[in-house]
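Asker: Just passing along the structure, written as C-alpha coordinates.
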Amino acid sequence: MVDQREFRDEELVALCKQGQGEYFDLLVRRYMEKAFHIAFDFTRNSETAKDLSQDAFLRAFSNIRQFDGRSSFYTWFYRILVNLCLDHARQLADTSFQPEQEAIAGEAKRRADKTLETMPKKQRTAFLLRNHQGLSIADIAKVMKTTEGTVRVYLHRAVAALRQSLVEFV
(Lines of atoms letter the chains of each structure in order from A and count residues from 1; the text may use other names and numbers.)
(Lines give C-alpha, C1' and ligand atoms only; values in the text may rest on other atoms or scores of the structure.)
Protein backbone atom coordinates (compact mmCIF):
# COMPACT_ATOMS: atom_id res chain seq x y z
CA MET A 1 0.00 0.00 0.00
CA VAL A 2 1.16 3.54 -0.76
CA ASP A 3 2.24 5.77 2.13
CA GLN A 4 -0.63 8.09 3.11
CA ARG A 5 1.65 11.15 3.28
CA GLU A 6 2.13 10.97 -0.47
CA PHE A 7 -1.47 12.00 -1.13
CA ARG A 8 -3.39 15.13 -0.24
CA ASP A 9 -6.97 14.65 0.93
CA GLU A 10 -8.29 16.08 -2.34
CA GLU A 11 -6.36 13.50 -4.34
CA LEU A 12 -7.62 10.65 -2.18
CA VAL A 13 -11.21 11.86 -2.52
CA ALA A 14 -10.83 12.09 -6.31
CA LEU A 15 -9.51 8.52 -6.43
CA CYS A 16 -12.42 7.31 -4.30
CA LYS A 17 -14.90 9.09 -6.58
CA GLN A 18 -13.32 7.25 -9.53
CA GLY A 19 -14.24 3.96 -7.89
CA GLN A 20 -10.94 3.27 -6.14
CA GLY A 21 -12.48 2.95 -2.67
CA GLU A 22 -9.37 1.36 -1.19
CA TYR A 23 -7.87 4.87 -1.01
CA PHE A 24 -10.54 5.82 1.52
CA ASP A 25 -8.64 3.64 4.00
CA LEU A 26 -5.85 6.23 3.91
CA LEU A 27 -8.32 8.95 4.91
CA VAL A 28 -9.61 6.73 7.71
CA ARG A 29 -6.10 6.14 9.04
CA ARG A 30 -5.31 9.84 8.74
CA TYR A 31 -8.34 10.99 10.75
CA MET A 32 -9.38 8.02 12.94
CA GLU A 33 -7.68 9.23 16.10
CA LYS A 34 -9.02 12.78 15.73
CA ALA A 35 -12.51 11.43 15.03
CA PHE A 36 -12.42 9.26 18.13
CA HIS A 37 -11.35 12.18 20.36
CA ILE A 38 -14.05 14.43 18.93
CA ALA A 39 -16.74 11.81 19.52
CA PHE A 40 -15.36 11.09 22.99
CA ASP A 41 -15.59 14.78 23.91
CA PHE A 42 -19.28 14.68 23.03
CA THR A 43 -20.11 11.30 24.60
CA ARG A 44 -17.52 10.78 27.38
CA ASN A 45 -17.74 7.04 26.57
CA SER A 46 -15.02 5.15 24.69
CA GLU A 47 -17.22 2.50 23.08
CA THR A 48 -19.83 5.02 21.96
CA ALA A 49 -17.11 7.32 20.63
CA LYS A 50 -15.59 4.44 18.66
CA ASP A 51 -19.01 3.51 17.23
CA LEU A 52 -19.86 7.09 16.28
CA SER A 53 -16.51 7.71 14.61
CA GLN A 54 -16.83 4.46 12.63
CA ASP A 55 -20.38 5.40 11.63
CA ALA A 56 -19.12 8.80 10.46
CA PHE A 57 -16.48 7.17 8.25
CA LEU A 58 -19.07 4.77 6.82
CA ARG A 59 -21.40 7.66 6.08
CA ALA A 60 -18.59 9.67 4.49
CA PHE A 61 -17.56 6.71 2.33
CA SER A 62 -21.16 6.07 1.26
CA ASN A 63 -21.62 9.71 0.30
CA ILE A 64 -18.16 10.49 -1.08
CA ARG A 65 -19.63 11.23 -4.52
CA GLN A 66 -21.73 14.02 -2.97
CA PHE A 67 -18.63 15.72 -1.58
CA ASP A 68 -18.32 18.82 -3.78
CA GLY A 69 -15.00 20.21 -2.58
CA ARG A 70 -16.36 23.58 -1.42
CA SER A 71 -14.70 22.85 1.90
CA SER A 72 -11.85 20.56 2.84
CA PHE A 73 -12.56 16.86 3.21
CA TYR A 74 -11.84 17.16 6.93
CA THR A 75 -14.39 19.96 7.39
CA TRP A 76 -17.00 17.93 5.50
CA PHE A 77 -16.21 14.78 7.49
CA TYR A 78 -16.15 16.75 10.75
CA ARG A 79 -19.66 18.03 10.05
CA ILE A 80 -20.86 14.44 9.50
CA LEU A 81 -19.27 13.34 12.78
CA VAL A 82 -20.61 16.27 14.80
CA ASN A 83 -24.11 15.70 13.41
CA LEU A 84 -23.95 12.04 14.43
CA CYS A 85 -22.78 13.03 17.92
CA LEU A 86 -25.57 15.57 18.27
CA ASP A 87 -28.13 13.01 17.07
CA HIS A 88 -26.79 10.56 19.65
CA ALA A 89 -27.07 13.19 22.40
CA ARG A 90 -30.67 13.91 21.40
CA GLN A 91 -31.49 10.21 21.63
CA LEU A 92 -29.96 10.04 25.11
CA ALA A 93 -31.90 13.10 26.22
CA ASP A 94 -35.07 11.16 25.50
CA THR A 95 -34.13 8.50 28.07
CA SER A 96 -34.30 8.90 31.83
CA PHE A 97 -31.36 10.38 33.72
CA GLN A 98 -29.17 7.88 35.59
CA PRO A 99 -29.32 8.70 39.33
CA GLU A 100 -25.94 7.07 40.03
CA GLN A 101 -24.33 9.56 37.64
CA GLU A 102 -25.77 12.39 39.68
CA ALA A 103 -24.32 10.93 42.89
CA ILE A 104 -20.83 10.70 41.35
CA ALA A 105 -20.73 14.15 39.82
CA GLY A 106 -20.08 17.22 41.97
CA GLU A 107 -22.58 20.05 42.16
CA ALA A 108 -20.48 22.40 40.04
CA LYS A 109 -20.05 19.81 37.31
CA ARG A 110 -23.78 19.04 37.36
CA ARG A 111 -24.61 22.69 36.97
CA ALA A 112 -22.14 23.15 34.12
CA ASP A 113 -23.46 20.06 32.37
CA LYS A 114 -27.04 21.20 32.84
CA THR A 115 -26.22 24.60 31.46
CA LEU A 116 -24.56 23.04 28.42
CA GLU A 117 -27.53 20.70 28.00
CA THR A 118 -30.11 23.44 28.07
CA MET A 119 -28.27 26.02 26.04
CA PRO A 120 -29.30 26.35 22.39
CA LYS A 121 -27.71 23.71 20.16
CA LYS A 122 -25.68 26.21 18.13
CA GLN A 123 -24.18 27.82 21.24
CA ARG A 124 -23.32 24.42 22.71
CA THR A 125 -21.80 23.21 19.45
CA ALA A 126 -19.67 26.35 19.05
CA PHE A 127 -18.54 26.11 22.69
CA LEU A 128 -17.55 22.43 22.39
CA LEU A 129 -15.76 22.92 19.09
CA ARG A 130 -13.79 25.85 20.49
CA ASN A 131 -13.06 24.65 24.02
CA HIS A 132 -12.93 20.88 23.66
CA GLN A 133 -11.57 20.56 20.13
CA GLY A 134 -9.52 23.75 19.97
CA LEU A 135 -10.87 24.83 16.59
CA SER A 136 -10.37 28.40 15.46
CA ILE A 137 -13.35 30.68 15.07
CA ALA A 138 -12.86 30.55 11.29
CA ASP A 139 -12.95 26.74 11.31
CA ILE A 140 -16.02 26.69 13.55
CA ALA A 141 -17.74 29.09 11.13
CA LYS A 142 -17.01 26.70 8.26
CA VAL A 143 -18.21 23.63 10.16
CA MET A 144 -21.38 25.38 11.32
CA LYS A 145 -21.91 27.10 7.95
CA THR A 146 -22.20 30.57 9.42
CA THR A 147 -20.13 33.75 9.80
CA GLU A 148 -17.26 34.29 12.21
CA GLY A 149 -19.21 37.09 13.87
CA THR A 150 -22.11 34.75 14.55
CA VAL A 151 -19.72 32.19 16.05
CA ARG A 152 -18.32 34.88 18.36
CA VAL A 153 -21.86 35.71 19.51
CA TYR A 154 -22.60 32.00 20.16
CA LEU A 155 -19.38 31.68 22.16
CA HIS A 156 -20.01 34.85 24.17
CA ARG A 157 -23.53 33.71 25.08
CA ALA A 158 -22.38 30.19 25.99
CA VAL A 159 -19.65 31.51 28.30
CA ALA A 160 -22.06 34.01 29.87
CA ALA A 161 -24.58 31.24 30.57
CA LEU A 162 -21.91 29.03 32.15
CA ARG A 163 -20.61 31.92 34.28
CA GLN A 164 -24.12 32.69 35.49
CA SER A 165 -24.82 29.06 36.44
CA LEU A 166 -21.52 28.73 38.33
CA VAL A 167 -21.40 32.18 39.98
CA GLU A 168 -21.81 30.78 43.52
CA PHE A 169 -18.83 28.44 43.04
CA VAL A 170 -16.37 31.21 42.16
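If you count the sequence shown from 1, position 161 lands on 160 in numbering that gives the first Met the number 0, and the numbers rise without skipping. Idealized CB from N, CA, C, for every residue including glycine.
Is the number of C-beta pairs between the segment 3-23 and the segment 64-72 that are closer than 8 Å three or more?
Answerer: The segment 3-23, when compared against the segment 64-72, does touch it at the 8 Å Cβ threshold.
Asker: By the DSSP assignment, the alpha helix (DSSP H) with residue 37 in it spans what residues?
Answerer: From DSSP, the alpha helix (DSSP H) with residue 37 extends over 23-42.
Asker: Anyone know if the C-beta pair for residue 41 and residue 127 falls short of 8 Å?
Answerer: Yes. Within cutoff.
Asker: What's the gap between the Cα of residue 3 and the Cα of residue 24?
Answerer: Low confidence applies here, because residue 3 scores a pLDDT of 49, under 50, leaving its location unreliable; read the following figure in that light. In a straight line, the C-alpha of residue 3 is about 9 Å away from that of residue 24.
Asker: Quick check: residue 27 and residue 56, are their CB atoms within less than 8 Å of each other?
Answerer: Yes, Cβ-Cβ distance for residue 27 and residue 56 is below 8 Å.
Asker: Which residues bound the alpha helix (DSSP H) around residue 76?
Answerer: Taken as a continuous stretch (DSSP letters only), the alpha helix (DSSP H) holding residue 76 covers 72-92.
Asker: Could you tell me the alpha carbon to alpha carbon distance between residue 90 and residue 35, rounded to whole angstroms?
Answerer: Rounded to whole angstroms, residue 90 to residue 35 spans 19 Å at the Cα level.
Asker: Verify whether the separation of the beta carbon atoms of residue 114 and residue 85 is less than 8 Å.
Answerer: It is not a contact, given that the beta carbons lie outside the stated cut-off.
Asker: If you measure between the beta carbons of residue 59 and residue 37, is that distance less than 8 Å?
Answerer: The answer is no: Cβ separation not under 8 Å.
Asker: By Cβ distance below 6 Å, which residues in the same chain neighbour residue 88 in space, the five residues on each side in sequence not counted?
Answerer: For residue 88, where only same-chain residues beyond five positions count, there are no Cβ hits under 6 Å.
Asker: Can you name, in chain order, every residue of its own chain whose Cβ lies under 8 Å from the Cβ of residue 136, other than the five neighbours on each side?
Answerer: Taken in chain order, the residues that qualify are 129, 147, 150, 151, 154.
Asker: Check each candidate in 131, 166, 157, 6 and name the one with the smallest Cα separation from residue 120.
Answerer: Nearest C-alpha to residue 120: 157.
Asker: Relative to the C-alpha of residue 33, which residue among 44, 52, 118, 5 is closest?
Answerer: The residue with the shortest Cα to Cα distance from residue 33 is 52.
Asker: Residues in its own chain within less than 6 Å of residue 83 by CB, not counting five upstream and five downstream?
Answerer: Once the five neighbours on either side are set aside, the close Cβ partners of residue 83 are 51, 54, 55.
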